[in-house]
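Numbering (this note's numbering), first residue to last: 8 to 478. Glycine included, C-beta positions come from ideal geometry on N, C-alpha and C. Comments concern the structure below.
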Ligand SMILES: C[S@@+](CC[C@H](N)C(=O)[O-])C[C@H]1O[C@@H](n2cnc3c(N)ncnc32)[C@H](O)[C@@H]1O
C-alpha cells in the first residue's frame with residue numbers, strides 16, 4: 008500500500024501548472040481557487056503535459072496516445088488527474104468502477120453552485136453531505152473535501168467497495184471528515200435516523216444506471232467495451248431493480264418524509280428520459296423548487312442531474328436551468344430566478360439613478376433592505392407583496408379594523424427574498440433582479456413589474472429616452 012499522505016500535504020513537485028491544491032477551509036477559500044477548479048477541464052487534458060508531469064503516466068503511455076480501451080491506462084489517467092489537479096491518491100481494485108474525473112468533478116462544481124447560491128451566507132460554509140453509493144473510490148467526498156470545508160457520510164452496500172473506500176479516505180488523511188458507512192440494500196437510502204443525525208445540507212448520488220444486466224450489456228456493446236471492467240463497473244455497481252429511476256424514486260419518497268431535514272436532495276442521471284420522469288414526479292408532489300442540469304464531457308458523454316428542495320432558498324438560474332433547450336425540453340425546467348427588468352442608454356448620473364431606485368425599494372414595508380452603494384446592488388426580504396396596491400389597501404383596512412387591538416408580534420415569514428443590481432456596461436445601464444427566497448413565482452414576477460416601474464421613474468430626469476425590454 009502507498010504511504011499515507013494527507014490531501015493537505017503540498018502538491019507533488021512535478022505537478023502540472025493546473026496545480027494540486029490543499030484542503031480548503033473557509034479562511035483560505037477564494038474566488039481565484041474556485042475559478043481554477045471551474046476551469047480545470049474546460050479543455051480536454053493535455054496528455055503530453057500529463058506525461059511530463061507524472062512519470063507513472065509517462066510509463067503507461069510510452070510516448071503513444073492513451074489507449075482508452077485498456078482498463079489499466081484508464082485507471083492511470085484517473086490517478087494522474089487526481090494527483091496533479093487535486094493532490095489526491097487513490098487505489099482501486101480491478102473489478103470496480105474507475106471514476107472518470109472530469110465527469111465527477113462536474114457534479115461537485117454544480118453542487119457548489121447550488122449550495123452557494125441558495126444561501127444568504129458567503130460561499131465556503133462548512134457543510135455536511137451524504138454520498139449515497141460512494142463506490143470503491145469514494146470519489147465525490149474526496150473531490151469535494153479538497154475544494155470545500157465539507158464533511159461526508161459515504162454509504163454503500165458493497166462490502167468490497169466499502170473496504171476500498173475506507174482505504175482511500177485514510178490514504179488521503181480525511182478520516183475526520185469522511186465517515187464510510189455500510190448499508191443493506193433494503194435500508195433507508197438517507198440514514199439520518201439510523202445515524203442519529205438531525206439534518207444534513209445535501210445528499211448526492213451517482214446511482215446504478217441500469218435496470219438489468221441485459222440493458223448494461225447492450226450499452227457496453229454499443230460503446231464497444233467489455234461489459235465489466237474498471238471502466239464500466241461491476242454488476243452490483245451498475246444494475247439495480249428498476250434502474251436509476253427506481254433508485255432516485257426511493258430517495259424522493261424518503262425526501263417527502265424528511266423534507267427540510269435535508270436542504271438539497273440531488274442525483275446524477277445517465278438518461279434524459281429519467282430526467283423527464285423524475286421532474287414529473289417532483290411536480291406530482293408539488294415540489295417546484297428544483298434544478299436540472301447536464302454535464303457534457305468531450306463530444307460523447309452526456310449526463311444529467313436533478314436536485315430538489317423543500318426549503319425556500321432558490322438557486323441561481325445557471326444552476327437551476329443548466330441545460331440547453333435543444334437537449335432538454337424547456338417545460339422540464341423550473342421557474343426562472345433571474346430577470347433583466349430594464350435597460351437604458353447611459354444616464355447622466357448613475358449615482359442619482361441608484362439613489363432613486365434604492366430609495367424606492369427602501370420605502371417599502373420590508374423585513375430588511377441592505378443597499379451597497381459601491382456595488383450598486385442590494386438584498387431585500389419582503390413579508391408579502393408589499394409593493395402591490397392590493398397589499399397597501401389591505402394593510403390600510405387591517406389598520407383601521409385593528410385600531411386599539413394589539414398587533415401580532417410573531418416574526419413574519421419571508422414571502423420574497425430578492426437581490427437587485429444595477430449593471431453598468433459601456434453604452435447602457437440595466438437593472439437586474441434575482442429571486443433568492445420564497446415559493447411563489449407570481450410574487451417574483453409581480454416584484455419585477457414594480458422594479459421596472461421604479462427604474463423607469465428613477466431614470467426619468469436623468470435621461471430622456473429609457474428603453475425597457477418587453478417581458
Ligand atoms: C454507479 S456506482 C457509483 C460509485 C461512485 N459514487 C462513482 O460515482 O464512481 C453506484 C454505487 O451505488 C451502490 N449502491 C447500490 N445500491 C445501494 C444502496 N441501496 N445503498 C447505498 N449504495 C448502493 C453500489 O454498490 C455502487 O457502489
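| Query | Result |
| --- | --- |
| Spatially closest choice to residue 42 from 393, 203, 330 and 119, by CA coordinates | 119 |
| Ligand 1 heavy atom lying under 7 Å from the CB of residue 175 | no |
| Opening and closing residue of the beta strand (DSSP E) in which residue 171 lies | Premise fails: residue 171 lies in the alpha helix (DSSP H), 166-178, not in any beta strand (DSSP E). |
| Beta-carbon proximity of residue 140 to residue 163, cut-off 8 Å | yes |
| Check: residue 218 C-beta below 7 Å from any heavy atom of ligand 1 | no |
| Cβ shell of residue 173 (< 6 Å), same chain only, five flanking positions each side left out | 187 |
| heavy atom of ligand 1 below 7 Å from residue 245 C-beta | yes |
| Of the listed residues 150, 382, 353 and 393, nearest to residue 372 (C-alpha basis) | 393 |
| Status (buried if at least 16 other CB within 10 Å, exposed otherwise) for residue 75 | exposed |
| Residue 192 Cβ short of 7 Å to ligand 1 heavy atom set | yes |
| C-alpha distance - residue 303 paired with residue 89, whole-angstrom precision | 20 Å |
| Where residue 467 sits in the DSSP three-state scheme | strand |
| For residue 352, the residue or residues it bridges with in DSSP | 435 |
| Contact under 8 Å by Cβ, residue 142 with residue 72 | no |
| Where residue 212 falls: helix, strand or coil (DSSP) | strand |
| Residue 358 versus residue 152: straight-line alpha-carbon distance, rounded | 43 Å |
| Bounding residues of the alpha helix (DSSP H) (the contiguous stretch that carries residue 375) | Unbroken run through residue 375 is the beta strand (DSSP E), 375-379; no alpha helix (DSSP H). |
| Validate contact between the stretch 252-261 and the stretch 270-277 using beta carbons, cut 8 Å, 3 pairs | yes |
| Residue 64 versus residue 161: straight-line alpha-carbon distance, rounded | 29 Å |
| Spatially closest choice to residue 277 from 267, 301, 291 and 290, by CA coordinates | 301 |
| DSSP state of residue 326 mapped onto helix, strand, coil | helix |
| Whole-angstrom distance between residue 55 and residue 294, CA atom to CA atom | 48 Å |
| Per-residue DSSP class, three states only, for residue 421 | coil |
| Buried versus exposed, by CB contacts within 10 Å (16 or more), residue 382 | exposed |
| Element boundaries [alpha helix (DSSP H), containing residue 147] | 146-154 |
| Same chain, Cβ closer than 6 Å to residue 444, five either side skipped, listed in chain order | 319, 320, 421 and 424 |
| Span separating the alpha-carbon of residue 102 from that of residue 211 | 23 Å |
| Cβ pair count under 8 Å reaching 3, the stretch 98-114 against the stretch 180-196 | no |
| Residues sharing a beta bridge with residue 200, DSSP | DSSP output for residue 200 lists no bridge partner at all. |
| Segments of 3+ residues assigned as beta strand (DSSP E) that fall wholly inside the stretch 253-324 | 269-276, 297-304 and 308-315 |
| For residue 53, the three-state DSSP class (helix, strand or coil) | coil |
| Closer than 7 Å: residue 140 CB and nearest ligand 1 heavy atom | yes |
| Span separating the alpha-carbon of residue 61 from that of residue 91 | 8 Å |
| Cβ shell of residue 362 (< 7 Å), same chain only, five flanking positions each side left out | none |
| Three or more C-beta pairs below 8 Å linking the stretch 452-468 and the stretch 384-403 | yes |
| Extent of the continuous beta strand (DSSP E) to which residue 159 belongs | 158-163 |
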